[in-house]
Every structure is written in C-alpha cells, then in structure tokens.
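One structure is given here, and the rest of the page talks about it.
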Amino acid sequence: MNRPLHRHRSQQGAATLVVVMVLFLVMALLAAYANRSLMFEQRISGSYYRASMAQEMAEGGVDWTVAMLNGPAADNSCSAVATGGTRFVDRYLKVSAADRSTLPAGGTPVTPAVDCVRDGTNLVCRCADPDTRTAQPTTTVANNLAPSFMVALGANSTIQYGSFSITSIGCTDGSADSCNQFSDQRSASFLGASNLDAAIAFVAAVPSSPATPLTVKGALTTTGAGGLGLHNTDATTGGGLVVSGGASATLIDTRMDTTPGTPVAQAVRFNDATLSGMSDKQFFQTFMGMAPSRYQNHPALRDVTCGAGADCGPALQAAYASGVRILRVPGALAISSNVAIGTLSDPLVIVAEGAVTLTGPMQLTGMLVALGDLTWTNTGGLTSLINGMVTVQGNMQANGRMDIVYQQEIANQLRNRIGSYVRVSGGTRDVAIN
C-alpha cells in the first residue's frame, strides 16, 4: 500500500516580520522627529514667555519711575516716609529753576540708579544715592521666576530743558545686572531681557505765575492797625503790587515796597475790567495753565483733608514734610497755628477750593490759590507772612498786619522745578543691550 507523500513546506512570515520591524523603525524615527519638534516648540514658547515677562518688567520700570518722580519723599528702600526722606526727583536729577535744564544728579547718566525685583509676593526696591549703587543681589523663588528691572535716569549727558529720558532694563533673572550687558551666559541661562528708552516731560505746577504779590478777581478790603504790606522790588515784573477787579482799597504807602523810583500809585491797579470780566475758569487757567477740574489730576498733586473749621496748618505741614509740593484742599481752608511751611529753594502750591481763613502768625513760602473768598486776620504783634504770591478768585478781607513778599526765585521754582512728570506719547522705543 502506497503512502501519500507529504511535501515539506518551508516556514513563512519572515518577510512580514522584516516589514513590521521596518515600520516600527520608521514610526520610531517619526516619533523622535515629532518629539524633537515639540521640544523645539516648547523652547520657543519658553523664550516668548521670558521675552514677554522681560518686556513687561521694562515697561513696569518706566511706569514705576514716573510714579516715583511724582511721589512723596522716600528712603533708600524707595518707601514713602513721613519725615527724613528725599524726593525721588531731587535725589536723581538736577533741575535748574532758572531755565528748567535737567541733568543726572550723579553725573553718570548711563549708570543704573535704582532697581527692583519681584520676590514672589512684593516688589523689593533699592534707591541708592547717585553713583553708589552696587550690583543687585540675586533673588530666587522656588519653582518660579523672580523678574527684576533697573532704571537709569537722564540717559544722556546732553542738557535737556523740561524733558529727559530714562532707560529701563527688564530681566527674568533675580538680578537685573545679569541682563545689563550682552553675553553668551545670558543665552545659556535662558534669560529674557528688554531695554526701553522712554522720554519724560515736565508739567509745571504754575506755568504762568502772577507778576504781583497779590491778585484779587473781586474786591480787596483792608481794616485794622498795621495794614496789609505788599512788597515787590523785582525789576523784571515792573514792581507791581496788586491787581484787583474791585474798587480801590485803602493801602498804607509806607507798607508798600516797589522798584526804586516807582510811585506806589503806579504799582497798584484796581477796577481791572479784564480781571473782573473773567469767568472763574478763565481766572484759574490764566495762572495754572488748565481748568480746575483738570488741575486736580496733576500727577504730583495730593489732597489734604481738614475737618470743617479745623486748623489745617499741621496737616499741610505734615504733607510738606513728606515731600508733597502741590497740595489741594477740597473744601474750606483754615490756618490758625503758627506754622512755617516751604522754603525759598523748595516752595509749595496750595489750592483751596473753598473759602480761606488765615488767623494769627504763620509763614507760607510759595503760592496760595483761593477759589473762594480769603479772610486774613492778624491783630497780634507776631509775623504773618506769605513769601510768594496770593491769588483770590473771590473777595479778600485783610484785618490787621500781614505781608506778602513777591520773589522771582519762587516764581521760577514753581514754573521750572516744582510740578509733575509724564510720559511723552510715542516717546518709548526698544534699544539694544550692548
């Protein structure tokens, strides 16, 4: 019996295995390539994040600096202090009251003066004296960045008049000095850096100060012993003493001082039709440069609130000691304490939106603007004095002995040095970090 012959069949599937392995290899290569692209995109995304953060820190540095320029006196930690501090603008800039020329106080404009770092909770800043700043210590925050910025004021050595520039460097590192110059280490450390140059302009507290010690839109009335003393021996103003829209007041010639050779009658002007014909808004704008509703938005202006009828002298004195030079009293203003506020080289502006009552001895140096009536009484023997100018939108009643002494230096200070600082629209540009 013949048995069927079973033909030997060879093993199959080897080719399929090879194909599958090749496919797996191709898939692995594609996955590796895709992962490489993902890593690249993640790195680009991280770079964009750091660049955006650095840009925001640089912008924040500019805004912070403008706020400090308009702020009160500060200590070496850039914190506002009630007494003993120095105004930011006085610490870092030399501003001439004569012509508004502005230069860095330290003389080296390219050197950063201040720096700040975000420590995870607060902004920690240093306000060193000019040319004494040391490298910013590195701040670290667990699992997060600690961005920082530093600022140089007056970023060129050319004299500017009424304007200057600031340079703000934003950095994603805990020390802005790590981004202050170009280096391979900055790239290797994945640091984001941004350098902004911003133009800053000055807005005067009193752009067009009166040329007389006293200006009254309404009527001036004088009573009592001693009399109102008006003094102006400055030849550039013609020695004017008073301009009033009301009828002539009783003045004592021996209490009037004008330029040599000028009769007192020529230094006083009453029944001024132009003055009396002004609206209240026009009267204020003539000297202050803007309407009262806009003037209250002066960046450097601060409100001082006093109780109804309460003595506002101590509150004004405290505000001045804290570095404020433009003060607004929203309501009535009464001063009955013997205070001395302001100096010839550092005067102040007080804008009172209600009636003003001055009683007894005191001394103010600067400009008093009364948007209501002014009643000034001093029947004692002590000095009641305003060095500078007084403008009254309503009527003025003077009872007793008091003096207003016009000084051109004060007018120059209020026009060229005392005021606010603002960013110039379109005046910000990115610059390379060398």
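If you use my numbering, the sequence shown corresponds to residues 187 to 620, in order.
For glycine and all other residues, C-beta sits at the position ideal for the given N, C-alpha and C.
What you are looking at is a predicted structure, and each value in this text was computed from that prediction instead of being measured.
Near the ligand COA: residue i beta-carbon under 7 Å from a heavy atom
{"i": "MET213", "result": "Summarising the ligand content, the structure contains no ligands, and the ligand COA is consequently not present."}
Pair within 8 Å by beta-carbon distance, residue i and residue j
{"i": "ALA283", "j": "GLU539", "result": "no"}
{"i": "GLY360", "j": "ALA321", "result": "no"}
{"i": "THR436", "j": "THR408", "result": "yes"}
{"i": "ALA453", "j": "THR444", "result": "yes"}
{"i": "VAL402", "j": "MET582", "result": "yes"}
{"i": "ALA477", "j": "PHE470", "result": "yes"}
{"i": "GLN549", "j": "ASP466", "result": "no"}
{"i": "GLY566", "j": "PRO533", "result": "no"}
{"i": "ARG511", "j": "ALA486", "result": "yes"}
{"i": "GLY586", "j": "THR563", "result": "yes"}
{"i": "GLY356", "j": "ALA240", "result": "yes"}
{"i": "ARG609", "j": "ALA384", "result": "yes"}
{"i": "GLY413", "j": "ILE438", "result": "yes"}
{"i": "ASP301", "j": "VAL327", "result": "no"}
{"i": "THR358", "j": "GLY378", "result": "yes"}
{"i": "ILE536", "j": "LEU571", "result": "no"}
{"i": "VAL267", "j": "LEU382", "result": "no"}
{"i": "ARG319", "j": "ALA299", "result": "yes"}
{"i": "ILE386", "j": "SER351", "result": "yes"}
Cβ separation of residue i and residue j, assumed to be a contact under 8 Å, to the nearest whole Å
{"i": "GLY426", "j": "PHE388", "result": "Contact doesn't hold; Cβ gap of about 27 Å is too wide."}
{"i": "THR288", "j": "LEU279", "result": "6 Å"}
{"i": "THR577", "j": "THR551", "result": "Not quite, the Cβ-Cβ distance comes to about 16 Å (not below 8 Å), so this is no contact."}
{"i": "CYS621", "j": "ARG277", "result": "Residue 621 lies beyond the stretch modelled for the chain, which goes from 187 to 620, so this question has no answer here."}
Cα-Cα separation, residue i to residue j
{"i": "THR498", "j": "ALA520", "result": "Rather than Thr, the amino acid found at residue 498 in this sequence is Cys. Approximately 6 Å, taken between the alpha carbons."}
{"i": "SER606", "j": "THR251", "result": "12 Å"}
{"i": "GLY340", "j": "VAL542", "result": "40 Å"}
{"i": "VAL337", "j": "LEU309", "result": "15 Å"}
{"i": "THR614", "j": "SER263", "result": "27 Å"}
{"i": "VAL206", "j": "MET213", "result": "10 Å"}
{"i": "ASN366", "j": "MET243", "result": "14 Å"}
{"i": "GLY517", "j": "GLY558", "result": "10 Å"}
{"i": "PHE335", "j": "MET442", "result": "56 Å"}
{"i": "GLY292", "j": "ASP317", "result": "6 Å"}
{"i": "GLY495", "j": "LEU554", "result": "18 Å"}
{"i": "ALA200", "j": "LEU215", "result": "23 Å"}
{"i": "ILE527", "j": "VAL275", "result": "20 Å"}
{"i": "LEU560", "j": "ILE590", "result": "14 Å"}
{"i": "SER238", "j": "GLU245", "result": "10 Å"}
{"i": "ALA411", "j": "MET464", "result": "33 Å"}
{"i": "VAL303", "j": "PRO323", "result": "9 Å"}
{"i": "SER462", "j": "VAL281", "result": "36 Å"}
{"i": "GLY270", "j": "VAL525", "result": "18 Å"}
{"i": "SER265", "j": "GLY447", "result": "53 Å"}
{"i": "VAL204", "j": "LEU211", "result": "10 Å"}
{"i": "MET254", "j": "ALA597", "result": "24 Å"}
{"i": "THR325", "j": "ASP315", "result": "22 Å"}
{"i": "GLY612", "j": "LEU406", "result": "47 Å"}
{"i": "PRO547", "j": "GLN346", "result": "41 Å"}
{"i": "THR297", "j": "ASN330", "result": "29 Å"}
{"i": "THR440", "j": "SER522", "result": "27 Å"}
{"i": "PRO449", "j": "SER531", "result": "30 Å"}
Exposure label - residue i; buried when at least 16 CB within 10 Å
{"i": "VAL307", "result": "Sequence inspection shows Thr at residue 307; the Val mentioned does not correspond to that position. It is exposed - the Cβ of THR307 has fewer than 16 other Cβ atoms within 10 Å."}
{"i": "ASN483", "result": "exposed"}
{"i": "THR353", "result": "buried"}
{"i": "SER233", "result": "exposed"}
{"i": "ASP363", "result": "buried"}
{"i": "TYR219", "result": "exposed"}
{"i": "LEU400", "result": "buried"}
{"i": "THR545", "result": "buried"}
{"i": "ILE230", "result": "exposed"}
{"i": "ARG480", "result": "exposed"}
{"i": "THR423", "result": "buried"}
{"i": "VAL208", "result": "exposed"}
{"i": "PRO290", "result": "buried"}
{"i": "PRO500", "result": "exposed"}
{"i": "SER183", "result": "The structure shown does not extend to residue 183, since the chain is modelled only from 187 to 620, so the question has no answer here."}
{"i": "PRO396", "result": "buried"}
{"i": "ALA556", "result": "buried"}
{"i": "ALA584", "result": "buried"}
Practice problem: May I ask you to verify whether the region 246-264 touches the region 507-516, counting CB pairs closer than 8 Å and requiring at least 3? | Solution: Yes: the two stretches touch, three or more of their Cβ pairs being nearer than 8 Å.
Exercise. Decide if the region 450-463 is in contact with the region 423-437; the criterion is three or more beta carbon pairs, one per stretch, under 8 Å apart.
Key: Contact check between the region 450-463 and the region 423-437: three or more CB pairs, one atom from each, fall below 8 Å, which counts as touching.
Quiz item: Are at least three pairs of beta-carbons, each pair with one atom in the region 477-491 and one in the region 408-424, less than 8 Å apart?
Solution: Contact fails: fewer than three Cβ-Cβ distances are below 8 Å.
Self-check item: Three or more C-beta pairs below 8 Å linking the region 387-401 and the region 591-605
Solution: Counting C-beta pairs with one atom in each stretch, the region 387-401 and the region 591-605 have three or more that are closer than 8 Å, which means they touch.
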